[in-house]
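Following: one structure in structure tokens, then a few remarks.
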Amino acid sequence: NTDINLRHILAAAESILRDAYKLCSNKSPNHKIMQQYAKRLSNFYSNNSHIS
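With the UniProt record's numbering as the guide, the letters of the sequence shown map in order to residues 1 to 52.
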């Protein structure tokens, strides 16, 4: 049961991070955050992309 809960939490976190990444991507029509924050989020996302 703990593993299932952890998987749900990780899936939700990944979904939130993907949405945030889309918002700060230069390719996104919904680009809404400053470039420095986009860079930080991009670095975080790429450093943790192997965790799924």
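Idealized CB from N, CA, C, for every residue including glycine.
Since the structure is predicted, the reported quantities are computational estimates derived from the model, not experimental observations.
At the 8 Å Cβ level, is residue i part of the contact set with chain C, yes or no?
| i | result |
| --- | --- |
| PHE44 | Protein chain content of the structure displayed is limited to a single chain, and chain C is not contained in it. |
Could you check whether residue j and residue i sit closer than 8 Å to each other, using their CB atoms as the reference points?
| i | j | result |
| --- | --- | --- |
| LEU10 | TYR45 | no |
| LYS20 | LEU41 | Residue identity differs from the one stated: residue 20 is Ala in this sequence, not Lys. The answer is yes: Cβ separation under 8 Å. |
Rounding to the nearest angstrom, what Cα-Cα distance links residue i and residue j in this structure?
| i | j | result |
| --- | --- | --- |
| LYS39 | LEU23 | 12 Å |
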